[in-house]
Ligand code: MG
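Numbering (the numbering used here), first residue to last: 432 to 825.
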């Protein structure tokens with residue numbers, strides 16, 4: 432083997448000019464003294480890790496309901512995988528690793544129990560009251576719902592972290608949100624760390640849902656080979672290891688798929704950044720297209736994989752049976768608490784009364800949605816049983 436310089440040199444620790452820098456942060460909603468021995472974005476990350484909402488992610492579904500098996504991804508293992516992928520890319524591009532980690536760990540804090548089925552059900556329940564959207568809810572968790580600090584509501588995170596958490600936002604909502612909503616009105620972009628966490632989310636779930644779908648027996652490796660991307664890696668792995676047992680082959684294929692897309696994002700983004708040469712993270716925000724991206728070829732292949740997962744995993748008969756059950760549980764919980772807010776635990780009832788005094792039914796509905804969205808899968812199932820099964824202790 433030749434001993435030339437490594438193809439991918441170890442990343443330099445110096446931040447690029449277009450990364451988020453502590454000293455240039457737009458700051459927090461409530462002024463605080465600067466942290467000691469750590470940066471502002473490290474402090475954001477640490478606050479997220481210590482929050483109640485973060486611990487609840489351990490019992491919230493990604494695709495499979497929490498009690499279906501211990502090896503499936505939950506929202507917390509998903510978030511850690513997102514952070515891992517985002518951090519690798521951030522270091523190679525000299526972006527702010529602590530910020531990208533904080534955004535990755537926080538991005539799903541507002542997710543309902545039972546994955547997307549839960550979010551759809553709650554959104555339908557909230558239709559007359561302003562709707563429910565998990566990105567917005569993640570922001571609401573870190574801005575309002577966490578109660579940990581004597582001087583303010585929420586976690587008081589930096590603008591840059593909150594900007595990253597709010598991936599999408601409809602215009603009417605954006606107008607209510609102030610600073611982090613402004614870019615949806617101005618049609619500008621987020622900083623690079625936010626763009627990266629968003630892409631890493633997609634990379635993580637595309638790959639781990641392949642693994643989980645196989646483990647659950649919803650799809651086989653043969654089925655997956657209909658997808659060009661998988662087929663290519665399958666052939667490469669089989670070429671080198673013809674006798675490899677299926678389980679190991681699957682891991683090797685997924686490992687290679689993740690590595691390929693990570694390297695692709697680094698190279699593509701490097702080229703985009705070189706070309707655009709933004710002088711700062713604000714120049715990134717003003718740029719007319721995203722600067723963190725996959726190449727067109729890899730993006731097309733990943734889209735194919737995404738479509739396969741949608742048809743064969745997310746819409747699989749067994750998954751649909753589970754999600755229809757989950758929807759009914761959430762609808763029933765929402766309706767019961769909306770009809771009589773006193774059925775909620777005391778602190779949530781108190782919040783409902785306060786909100787109703789200022790906002791009427793809309794306010795009450797929001798506090799019911801906060802309570803229901805905060806539930807873990809198993810808590811929602813238990814709460815449903817306690818409310819509707821007369822034999823159950825209340
Ligand atoms: Mg996610």
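Ideal placement from N, C-alpha and C gives every residue a C-beta, glycine not left out.
Is residue i close to the ligand MG? I mean its beta-carbon at under 7 Å from any heavy atom of the ligand.
i: residue 490; result: no
i: residue 733; result: no
i: residue 636; result: yes
i: residue 539; result: yes
i: residue 481; result: no
i: residue 632; result: yes
i: residue 641; result: no
i: residue 547; result: no
i: residue 677; result: no
Which residue's Cα is closest to the Cα of residue i: the options?
i: residue 512; options: 544, 584, 562, 638; result: 638
i: residue 725; options: 703, 582, 608, 699; result: 699
i: residue 744; options: 590, 650, 716, 483; result: 650
i: residue 770; options: 607, 798, 693, 486; result: 798
i: residue 791; options: 579, 772, 648; result: 772
i: residue 629; options: 600, 716, 538, 575; result: 538
i: residue 697; options: 619, 596, 626; result: 626
According to DSSP, is residue i part of a helix, a strand, or is it coil?
i: residue 505; result: strand
i: residue 749; result: helix
i: residue 469; result: coil
i: residue 699; result: helix
i: residue 589; result: strand
i: residue 579; result: coil
i: residue 492; result: strand
i: residue 620; result: coil
i: residue 525; result: coil
i: residue 679; result: helix
i: residue 478; result: helix
i: residue 614; result: helix
i: residue 460; result: coil
Distance check for residue j and residue i, CA to CA, integer angstroms please.
i: residue 456; j: residue 707; result: 22 Å
i: residue 783; j: residue 525; result: 45 Å
i: residue 447; j: residue 476; result: 20 Å
i: residue 821; j: residue 753; result: 24 Å
i: residue 432; j: residue 714; result: Below a pLDDT of 50, predicted positions are generally treated as unreliable, and residue 432, at 46, falls in that range; no measurement from the model is reported.
i: residue 761; j: residue 807; result: 11 Å
i: residue 704; j: residue 474; result: 28 Å
Point to revise | Contact the stretch 735 to 748 vs the stretch 654 to 664: 3+ CB pairs below 8 Å | key: yes
Exercise for review: For the stretch 603 to 612 and the stretch 483 to 503, state whether three or more C-beta atom pairs, one from each stretch, are separated by less than 8 Å.
Suggested key: By the criterion of at least three beta-carbon pairs nearer than 8 Å, the stretch 603 to 612 is not in contact with the stretch 483 to 503.
Check your understanding: Counting Cβ pairs, one atom from each stretch, are 3 or more of them under 8 Å apart for the stretch 519 to 534 and the stretch 545 to 554?
Key -> no
**Study point:** the stretch 465 to 482 touching the stretch 585 to 599, judged by at least three CB pairs closer than 8 Å
**Key:** yes
Point to revise | Inter-stretch contact at 8 Å, needing at least 3 Cβ pairs: the stretch 665 to 682 / the stretch 614 to 623 | key: Touching, no, given that fewer than three Cβ pairs across the two stretches are closer than 8 Å.
Review point. Counting Cβ pairs, one atom from each stretch, are 3 or more of them under 8 Å apart for the stretch 595 to 604 and the stretch 457 to 470?
Key: No contact exists between the stretch 595 to 604 and the stretch 457 to 470.
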